[in-house]
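**Q** Protein chains in written order, with the working numbering: chain A, 71 to 159; chain B, 62 to 957; chain C, 2 to 123.
Yeah, the Cβ is synthetic: ideal placement off N, Cα and C, and Gly gets one too.
1. Determine, using beta carbons only, whether residue 109/C comes closer than 8 Å to chain B.
2. Flag this pair as touching only if the stretch 501–513 of chain B and the stretch 566–583 of chain B have three or more C-beta atom pairs under 8 Å; answer yes or no.
3. Just the Cα atoms here: how many angstroms apart are residue 263/B and residue 388/B?
4. Determine which residues of the stretch 21–39 of chain C have a Cβ less than 9 Å from any Cβ of chain B, and write them out in chain order.
5. Consider the Cβ of residue 95/C: report whether some Cβ of chain B lies at a distance smaller than 8 Å.
6. Among 100/B, 158/B and 145/B, which residue has its Cα nearest to the Cα of residue 593/B?
7. Is it the case that the stretch 359–376 of chain B contacts the stretch 147–163 of chain B, given that we only count it when at least three CB pairs across the two stretches are under 8 Å?
8. At the 8 Å Cβ level, is residue 617/B part of the contact set with chain C, yes or no?
9. Would residue 553/B count as contacting chain A if we go by Cβ distances under 8 Å?
10. Can you name the residues of chain B whose CB is closer than 7 Å to the CB of residue 123/A?
11. Taking C-beta to C-beta, are residue 446/B and residue 329/B nearer than 8 Å?
12. Cβ of residue 13/C within 8 Å of Cβ of residue 743/B?
13. Below 7 Å on C-beta distance, what does residue 297/B contact in chain A?
14. Cβ of residue 116/C less than 8 Å from any chain B Cβ?
15. Keeping to the same chain, check which residues put their C-beta closer than 8 Å to that of residue 147/A; ignore five residues upstream and five downstream.
16. Kindly indicate if chain C contains any beta-carbon less than 8 Å away from that of residue 768/B.
17. If the cut-off is 8 Å on Cβ atoms, which residues from the stretch 308–339 of chain B count as contacting chain A, listed in chain order?
18. If you draw a straight line from the alpha carbon of residue 176/B to that of residue 279/B, how long is it in whole angstroms?
19. Going residue by residue through the stretch 252–293 of chain B, where are the continuous alpha helix (DSSP H) segments of at least 4 residues, counting only ones entirely within it?
20. For residue 570/B, which of helix, strand or coil comes out of DSSP?
21. Assuming the contact rule is C-beta atoms closer than 8 Å, residue 515/B and residue 450/B should be a hit. Round their C-beta distance to whole Å, please.
22. Any beta carbon of chain A sitting closer than 8 Å to that of residue 931/B?
23. Taking residue 128/B as the query, report the chain A residues whose CB atoms sit under 7 Å from its CB, ordered along the chain.
24. Can you tell me where the beta strand (DSSP E) with residue 840/B in it begins and where it stops?
25. According to the Cβ coordinates, are residue 283/B and residue 360/B closer than 8 Å?
26. Would you mind reading off the limits of the beta strand (DSSP E) that contains residue 875/B?
27. Counting only Cβ pairs nearer than 8 Å, list the residues of chain B close to residue 97/A.
28. Could you give the residue range of the beta strand (DSSP E) that holds residue 84/C?
29. Along chain C, which residues have their Cβ under 7 Å away from the Cβ of residue 752/B?
30. In whole angstroms, what separates the C-alpha of residue 70/B from that of residue 266/B?
31. Can you pull the DSSP bridge partners for residue 880/B?
32. Consult DSSP for residue 5/C and reduce its assignment to one of helix, strand or coil.
33. Pull up the distance between the alpha-carbon of residue 93/B and that of residue 99/B, whole angstroms please.
34. To the nearest whole angstrom, what separates the beta carbons of residue 116/C and residue 81/C, a pair I think is in contact under 8 Å?
35. So what's residue 33/C in DSSP terms, helix, strand or just coil?
36. Find the residues of chain B that neighbour residue 112/C, judging by a C-beta separation of less than 7 Å, and give them in chain order.
Here it is as structure tokens:
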């Protein structure tokens with residue numbers, strides 16, 4: 071019933087799909103790490119302070135990256151699912 | 062003042078438009094044209110109720126005061142959505158497979174369907190949400206106030222209050238109309254979701270429009286805007302790292318745990334696949350929503366006099382620059398944010414209150430239990446409606462009593478922290494099988510007590526609910542218990558402090574209490590179902606249903622989910638079990654599915670209790686079995702699988718036995734067929750022979766006697782003819798050599814004809830026939846004469862056999878499982894269960910032969926319906942005798 | 002003669018026919034049309050002869066007859082059984098239940114009259 075336990079060698083498609091899911095699982099971790107970077111920035115008392123405009127550009131770039139990445143992988147997964155449907159169920 | 066009137070007008074038109082949208086969506090869904098209503102896009106947009114008025118207006122104020130910290134409120138949910146594969150996917154799958162109706166239902170279901178836990182979660186959710194609803198009402202009235210003062214018309218407090226009351230009443234009305242239109246087994250509300258989606262677009266448009274106006278209209282382009290930001294008082298990055306991290310965690314947690322989010326995300330979810338789209342589309346929505354916040358804040362700080370409330374820059378900046386239309390759009394955006402939040406929150410809370418508090422109380426006051434009490438649907442709907450009104454009114458009351466001051470404005474994060482206490486129990490419940498009810502209860506209690514003590518009470522300000530000395534020195538001088546510095550660790554941000562300790566201690570006590578305690582069998586079964594939701598293996602059963610009376614279950618199910626739905630469900634189940642007719646075997650599998658269906662209407666704990674009342678002690682025996690089973694979870698599953706298998710075998714054996722009994726019965730009837738025919742022919746012949754001999758032999762008969770006896774002969778001869786006709790008819794039908802005379806005609810016409818032909822004669826005035834012209838307004842294409850023959854037979858039977866003092870026959874037309882059905886239901890005492898199986902056989906007549914007939918009528922009906930590719934069946938559990946004629950869909954379609 | 006005959010039969014037209022034939026011959030005829038309380042009715046009326054149909058609503062003629070035969074008062078009561086089922090096994094059933102005479106429908110009037118006369122006289 072559960073492919074994980076019974077099929078040791080997956081076909082190429084299933085293998086691709088699993089790695090795709092791994093990527094999707096990693097995305098929030100990447101996002102979390104990138105968005106944690108501001109924790110390292112120096113506070114306003116010190117010299118060489120980060121300007122708000124730069125912070126905005128950085129944070130929104132991360133956002134865009136995650137949205138585009140998430141959208142791309144979700145789409146690929148759907149495509150791979152469509153090919154996979156008969157085999158899975 | 063003129064602009065103000067326009068504003069009121071626009072508002073009213075907008076509200077009317079929302080009603081229209083919701084109504085159209087409901088209608089489209091009802092007519093089955095609602096595919097587009099349930100696109101991933103609509104799902105994504107409906108999630109936007111996360112962005113309330115607090116974020117629409119408040120984000121700019123937040124940015125003006127604390128720089129980029131406001132972004133955390135959007136970043137948390139974005140991470141949760143991007144990480145859908147981890148948590149949301151599982152949550153949605155569980156929600157759909159277990160027919161979860163609310164977050165309280167989910168938690169209660171997971172932990173052994175404990176109603177106590179459901180009540181606790183419900184109460185806490187109400188406590189956490191009420192201030193938030195108050196906040197929305199406040200934002201609407203204040204934004205209105207901002208508008209009017211810009212035109213020199215100061216609103217009095219009383220006017221503000223009545224504005225808030227009006228808004229509250231309107232929202233309650235909307236929610237009641239579209240949230241409790243019918244008791245949907247799936248708890249889905251197309252109208253509400255559609256309206257929320259429309260409002261999502263409006264608020265996005267509004268905020269973006271103001272942002273574009275500010276960036277390109279006022280600040281002079283992107284480069285200039287960025288320069289202006291850097292030159293402003295929030296121009297430099299200043300962020301406490303602990304707050305940044307904590308708030309991201311908090312908003313992510315709240316996104317999962319807020320009752321209203323759970324409602325749109327899990328309960329209203331139509332297709333798990335929509336999550337795939339929402340996983341990136343919703344973060345994109347949030348990104349756009351937060352994009353223009355800082356520019357608006359910075360320009361507002363520059364443009365408006367010092368001391369202006371930055372919370373309403375979104376409104377005041379367009380107003381100050383004389384851009385009334387934009388201000389109005391912005392007002393509508395804020396209005397949308399507030400209203401959509403209140404609607405969905407009220408819907409979610411009312412479901413919880415009704416299912417977990419009102420219904421259990423009502424059920425326990427019904428001494429006879431669910432199977433004998435009246436129509437539960439009305440009670441459920443009524444309690445939903447009252448709950449909605451109560452929830453919204455509670456919010457209004459809170460708004461009035463708190464005076465709508467700053468205490469309210471800070472409640473957003475406090476509220477988030479409150480519902481975030483559900484997180485450990487929620488996540489633990491779906492990933493860890495060891496989590497127990499006791500653990501959940503202890504964890505939730507600890508979390509909420511600490512939350513209330515460290516955050517909620519101090520949030521009203523020192524000296525109101527918490528005395529200043531207590532804040533400074535701790536309760537009773539216990540310094541380590543100071544509300545904002547536990548264990549003497551001072552200097553932490555109060556919010557971070559409260560979240561850190563409440564979540565930490567909540568999680569720890571949940572964990573430890575789960576480890577120490579021992580779960581009940583039911584908890585362990587539910588735990589396995591939740592944690593292993595992806596494995597579609599045969600799941601452990603919680604019901605052993607051999608004792609259950611399917612007909613009783615049917616009676617109950619009809620009251621809860623409606624007659625038609627219940628009949629469809631039972632018929633589907635019977636088919637799934639490979640049985641004909643409408644009553645499936647009460648297999649554990651079926652009972653579990655039924656329980657889930659009912660849970661959609663009344664909540665898991667209540668449904669469990671209701672079925673328990675009918676099935677009786679069967680669940681106890683399963684629990685006992687489980688308890689005896691091996692301690693380890695694997696062994697437990699193994700044994701339950703075995704049990705399922707033996708149950709399966711027992712069921713097969715039962716079915717075989719049933720089939721055998723039926724075969725024997727039929728063969729006996731075949732045997733006696735000739736003898737039956739002989740009997741039916743000899744009886745009228747006896748009268749004919751006797752009276753013709755009398756007429757022949759006696760010459761002293763009076764004229765009257767002669768007439769009487771010859772008419773008896775005549776009548777009996779007719780009876781013989783009829784019998785022979787019936788026999789011939791049946792043999793032709795059975796041999797399949799029948800020619801169908803296909804014609805088109807209206808169902809109403811056929812029924813008219815059938816009723817008038819069946820009810821001619823003696824009993825015509827005694828039987829009352831109740832029909833519904835609207836339902837019957839259908840064109841059919843089939844053999845109309847044959848169909849009419851069936852109808853005449855059924856109506857005639859009702860007239861002959863219905864033993865009520867005021868006999869009444871209901872004829873109902875409807876659709877079930879893609880077929881047209883016509884039900885004939887009388888109010889007599891019905892047909893006993895033992896005879897239901899044989900009434901369609903030849904020469905079978907029910908018990909008392911009060912009325913003479915050859916007993917071929919129903920057999921002929923059945924043959925005719927088989928030829929017409931439909932069926933006629935006995936419909937159990939309707940009170941009186943009830944027959945269902947089913948016609949294939951194309952019979953009705955072909956004529957259209 | 003003026004003897005009493007009780008007809009237990011559920012077809013009204015057949016009751017009518019038998020009543021006519023017998024009363025013309027001087028019998029006084031009582032009728033009853035269901036099986037439930039037929040035994041009680043017989044015991045109460047104590048007729049000289051019972052004409053009993055087999056297919057009765059509530060209880061079959063065979064059962065009624067068996068009950069009558071098990072009571073002292075009605076043990077020897079002449080019973081003429083009528084049935085519309087003319088098979089051999091039906092006759093056997095009737096004999097085993099204790100019928101004095103068995104007759105298949107449709108019958109001739111003279112046949113019934115003769116049977117009644119014989120049973121009451123004998």
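**A** Put simply:
1. Contacts with chain B at 8 Å (Cβ-Cβ) include residue 109/C.
2. In short, these stretches touch, since the Cβ pair count reaches three.
3. Distance between the alpha carbons of residue 263/B and residue 388/B: 13 Å.
4. Answer in chain order: 21, 22, 25 and 35.
5. Judged by the 8 Å Cβ criterion, residue 95/C is not in contact with chain B.
6. The shortest C-alpha separation from residue 593/B is found at 158/B.
7. The stretch 147–163 of chain B is not in contact with the stretch 359–376 of chain B.
8. Answer no: the Cβ-Cβ gap between residue 617/B and chain C never drops below 8 Å.
9. Under the 8 Å criterion on CB atoms, residue 553/B is classed as non-interfacial with respect to chain A.
10. Per Cβ cutoff of 7 Å: 287, 290 and 291.
11. Not in contact: residue 446/B and residue 329/B (Cβ atoms no closer than 8 Å).
12. No, they are not a contact pair.
13. What residue 297/B touches in chain A: 114, 119, 121 and 122.
14. Answer no: the Cβ-Cβ gap between residue 116/C and chain B never drops below 8 Å.
15. Only 87, 90, 91 and 94 meet the Cβ criterion.
16. Judged by the 8 Å Cβ criterion, residue 768/B is not in contact with chain C.
17. Residues of the stretch 308–339 of chain B with a C-beta atom less than 8 Å from some C-beta of chain A are 309, 334, 337 and 338, listed in chain order.
18. For residue 176/B and residue 279/B, the distance between alpha carbons rounds to 57 Å.
19. Fully enclosed alpha helix (DSSP H) runs of 4 or longer: 283–292.
20. Taken through DSSP and simplified to helix, strand or coil, residue 570/B comes out as helix.
21. Their Cβ separation, rounded to whole angstroms, is 33 Å, which puts residue 515/B and residue 450/B out of contact at 8 Å.
22. Taking a beta-carbon distance threshold of 8 Å, residue 931/B does not count as an interface residue toward chain A.
23. Within chain A, the residues near residue 128/B are 122.
24. Element bounds for residue 840/B: 840–844.
25. No, the pair does not count as a contact, with Cβ atoms beyond the cut-off.
26. Run containing residue 875/B: 869–876, per the beta strand (DSSP E) assignment.
27. By Cβ distance, chain B contributes 143 and 144.
28. Note, residue 84/C: beta strand (DSSP E), 80–84.
29. Going along chain C in sequence order, the residues near residue 752/B (Cβ under 7 Å) are 18.
30. Going from the Cα of residue 70/B to the Cα of residue 266/B covers about 20 Å.
31. DSSP links residue 880/B through a beta bridge to 949/B.
32. It is a strand residue.
33. One C-alpha to the other measures close to 11 Å.
34. 6 Å between Cβ atoms; contact.
35. Looking at residue 33/C - three-state DSSP - the assignment turns out to be strand.
36. Contact annotation for residue 112/C against chain B: no contact, minimum CB-CB distance about 10 Å [criterion: below 7 Å].
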